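Residue numbers for the sequence shown follow numbering that gives the first Met the number 0, beginning at 0 and rising by one. Here is the structure we will look at.
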Amino acid sequence: MKTRVDIACPHCGWKPDGEEYWQCDGCGQPFSMFGDAGRCPSCYHVHEHTQCIDHAGGCGSVAPHLDWYIGLDEGLREINVERDR
0 MKTRVDIACP HCGWKPDGEE YWQCDGCGQP FSMFGDAGRC PSCYHVHEHT
50 QCIDHAGGCG SVAPHLDWYI GLDEGLREIN VERDR
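Set out below in structure tokens:
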């Protein structure tokens, strides 16, 4: 895949740095939302929405988790084109 996928808040562009800013809605465990693509590594709860972390430089808004992956749509199209060749 040639397309690069970045992670950033779709509202303000803040990029998470891998820290455990989020807390699981299912079990309360702190975790890095993007380490396992929105899935809690402790209880495996899947988070469909992600809040931008205002105290880390973000805006505090909430967006669908998949909207944080910049370039994901292009990357998936590229994979499909290569597969269909």
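Every residue gets a Cβ at the ideal spot worked out from N, C-alpha and C, and that includes glycine. All values derive from a computational prediction rather than experimental measurement.
Span of the beta strand (DSSP E) around residue i
i, result
"Q28", "Counting along the chain, Q28 falls outside any beta strand (DSSP E), and DSSP gives it neither H nor E."
"V61", "61-63"
Close-in-space but distant-in-sequence residues of the same chain around residue i (CB under 6 Å, 5 per side omitted)
i, result
"L71", "V4"
"P29", "E19, Q22"
Sequence-distant residues of the same chain with beta carbon closer than 8 Å to residue i, five excluded per side
i, result
"H46", "W21, C23, D24, M32, G37, R38, C39, H64"
"H10", "C51, C58, S60, A62"
"S41", "C23, C26, Q28, F30"
"Y68", "V4, D5, I6"
Strand pairing of residue i, partner residues [DSSP]
i, result
"I69", "D5"
"W21", "F30"
Per-residue DSSP class, three states only, for residue i
i, result
"H48", "strand"
Contact belief for residue i with residue j at Cβ below 8 Å, rounded distance in angstroms
i, j, result
"H48", "C26", "At roughly 17 Å, the Cβ-Cβ gap does not stay under 8 Å, so H48 and C26 are not in contact."
Other residues of its chain near residue i: CB distance less than 7 Å, five sequence neighbours each side excluded
i, result
"G56", "W13"
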